[in-house]
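Remarks on the structure that follows.
Number of protein chains: 2
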Amino acid sequence: MRRVKCKIAYDGTHFAGWQVQPGQRTVQSCLEDALEKIHKGKKTKVTASGRTDSTVHAYGQVVHFDTPLAVPEDKWSQALTPFLPRDIQVKEAEYVEGGFHARYGAKEKEYRYRVLTGPAKDVFRRHYTYYVPDQLDINAMREAVSQTIGRHDFSSFCAANTDVVDKVRTIFKAEVLQEGDELIFVFRGNGFLYNMVRILVGTLLEVGKGKRSPESVGAAIRACDREAAGPTVPGHGLFLWEVVY
Amino acid sequence: MRRVKCKIAYDGTHFAGWQVQPGQRTVQSCLEDALEKIHKGKKTKVTASGRTDSTVHAYGQVVHFDTPLAVPEDKWSQALTPFLPRDIQVKEAEYVEGGFHARYGAKEKEYRYRVLTGPAKDVFRRHYTYYVPDQLDINAMREAVSQTIGRHDFSSFCAANTDVVDKVRTIFKAEVLQEGDELIFVFRGNGFLYNMVRILVGTLLEVGKGKRSPESVGAAIRACDREAAGPTVPGHGLFLWEVVY
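Respectively, the protein sequence lines represent chains A and B.
Positions in the first sequence are counted from 1; adding 6 to them yields my numbering.
Positions in the second sequence are counted from 1; adding 6 to them yields my numbering.
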């Protein structure tokens, strides 16, 4: 058996998230079904760097699985594609040591959240951006986002329904990019709590709308209280962008 | 009764084209269903600048319909949106004279065709671009596309199954734009035959791949023979971009 590491992309629109759930279309189940066919009926478990929720996209999710097959590493994408739906794409594959683990080995993750601004929605980006009609103060949001950088207890930015005990995470990079009529919120860190990026963006958008001050974001972190942060923005603007090992 | 002119956008992915067809989901039937609800059960016919095929998109389709309702023109979009699916968007609406006709009054149309180039497909643009893995000679395609400008009999660039007799059309603008990893084929003219843009792009891509010379495009026009042109590219890269009256 050899372990394969794959970089995959998926359009989360029509998935009930990453993880297998009975009766639901998930990315994990589609990948495991494809591998079962390639392995002539033998079930193969696929492990990802982390789950993504319903409607959340991945540009660079990383997964691993074990196989007895001797497919050349540059042929894994071709081998899997005929068995995968068109909304999952295998971008890269390589053989790795048996000790490699897509989840436990992840050192850095980058998430990006796309916000569409301007006078009207765009029908072609309805699944990939969150539309915000309000005028947004980008300088205020940039001042606010810089306060998230560093090692903090992010309890305020974590959905209540989580089992995770240690809520300390380190953010290496946090910025707001302007690309045409979109704002891209970029967060790079050693790990993220459940809904953390979506709550961070929801809080930053409140800053952008003038509903709260830039300084209130640092205060919200220090409060360690979910009530101190803003709302959770929808999943469809969120992309798991990159995972580094 | 007053006549309303609307500019609409739609994502063609999940439509069997513009025109009402029994048992099919079409843009026209969705719009007419929405208007029927607004008019309390009274049927309202919607006329477009022209049909679009299955999977073809519209960024700026124009339609008209007649109504007895006194909805302010800037409120038509809001009035229709709750009754429309999310893949149709009403961008603008205005009252026009009764003599206005979305189809017969159209003076200019612009179509754009998006081709994705580069080493790999993009799962997020699979419905909006046609992926071409080959290296393309953009200068050769630009030389070729310039030959389509002007007044020509475009019989060679028309699908066989058409009732149209007069196949003379005038192209005002024809160009190949490079935007990141995409090539955008732009055609602006006084009208287009059935599949004309898709056959033009199919022929230009043969030039780009070195399968035919740039001069052969002018020769294909003069031949007035469908066999002299290239293949029809898929509908999902095509956008009806603008209609001018």
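Here a beta-carbon is modelled for each residue, glycine too, at the ideal position from N, C-alpha and C.
This structure is a prediction, so every number in the text was calculated from the model and none was measured.
Item to check | Interface partners of aspartate 93 of chain B on chain A, CB under 8 Å | outcome: By Cβ distance, chain A contributes Val129 and Arg132.
Checklist entry - In chain order, what residues of the stretch 10-21 of chain B put their CB closer than 7 Å to some CB of chain D? => result The structure shown contains no chain D; its protein chains are A and B.
Checklist entry - Per DSSP, aspartate 59 of chain B forms a beta bridge with which residues? => result Answer is none; aspartate 59 of chain B lacks a bridge partner.
Next on the checklist: So alanine 126 of chain A contacts chain B; which residues on that side make the cut at Cβ distance below 9 Å?
Outcome noted: Ser83, Gln95 and Lys97
Next on the checklist: Is it buried or exposed, glutamate 116 of chain B, if we count other Cβ atoms within 10 angstroms and call 16 or more buried?
Outcome noted: Label assigned to glutamate 116 of chain B: buried.
Next on the checklist: If the criterion is Cβ atoms closer than 8 Å, does the pair alanine 180 of chain A and serine 152 of chain A meet it?
Outcome noted: Taking 8 Å as the Cβ cut-off, alanine 180 of chain A and serine 152 of chain A qualify as a contacting pair.
Next on the checklist: If you measure between the beta carbons of glycine 23 of chain B and valine 62 of chain B, is that distance less than 8 Å?
Outcome noted: yes
Checklist entry - Under a three-way DSSP split, which group does phenylalanine 106 of chain B fall into? => result coil
Item to check | Residues bridged to alanine 99 of chain A (per DSSP) | outcome: Within the DSSP secondary-structure output, alanine 99 of chain A pairs in a beta bridge with A/Cys12.
Checklist entry - Closest by CA to valine 249 of chain A, which one among A/Gln30, A/Leu75, A/Glu114 and A/Val26? => result A/Glu114
Checklist entry - Just how far apart, CA to CA, sit phenylalanine 160 of chain A and glycine 214 of chain A? => result 21 Å
Checklist entry - Which one of A/Lys43, A/Cys164, A/Thr168 and A/Gly197 has the shortest CA to CA distance from glycine 208 of chain A? => result A/Cys164
Checklist entry - Taking just the CA atoms, how far does leucine 90 of chain A sit from isoleucine 227 of chain B? => result 41 Å
Checklist entry - Is cysteine 12 of chain B near tryptophan 82 of chain B, with beta carbons less than 8 Å apart? => result yes
Item to check | Same chain, Cβ closer than 6 Å to aspartate 143 of chain A, neighbours up to 5 away in sequence not counted | outcome: Cβ within range, chain order: Gly214.
Next on the checklist: Please report the distance separating the alpha-carbon of histidine 45 of chain A from that of glutamine 95 of chain A.
Outcome noted: 19 Å
Checklist entry - At what residues does the alpha helix (DSSP H) containing valine 151 of chain A begin and finish? => result 144-151
Item to check | Within 8 Å, strictly: CB atoms of arginine 9 of chain B and aspartate 80 of chain B | outcome: no
Checklist entry - Closest by CA to valine 203 of chain A, which one among A/Ile155, A/Ala15 and A/Tyr110? => result For the residues A/Ile155, A/Ala15 and A/Tyr110, the minimum Cα distance to valine 203 of chain A belongs to A/Ile155.
Checklist entry - Looking only at C-alpha atoms, which of A/Ala225, A/Ile190 and A/Val223 sits nearest to leucine 246 of chain A? => result A/Ile190
Checklist entry - Are the Cβ atoms of threonine 135 of chain B and glutamate 188 of chain B separated by less than 8 Å? => result yes
Item to check | DSSP three-state assignment for histidine 20 of chain B, whether helix, strand or coil | outcome: helix
Checklist entry - For histidine 20 of chain B, is the classification buried or exposed, using 16 other Cβ atoms within 10 angstroms of its Cβ as the cut-off for buried? => result exposed
Checklist entry - In chain order, which continuous runs of the alpha helix (DSSP H) of length 4 or greater are located wholly inside the stretch 192-220 of chain B? => result 202-214
Checklist entry - Secondary structure at isoleucine 227 of chain A, three-state DSSP: helix, strand or coil? => result helix
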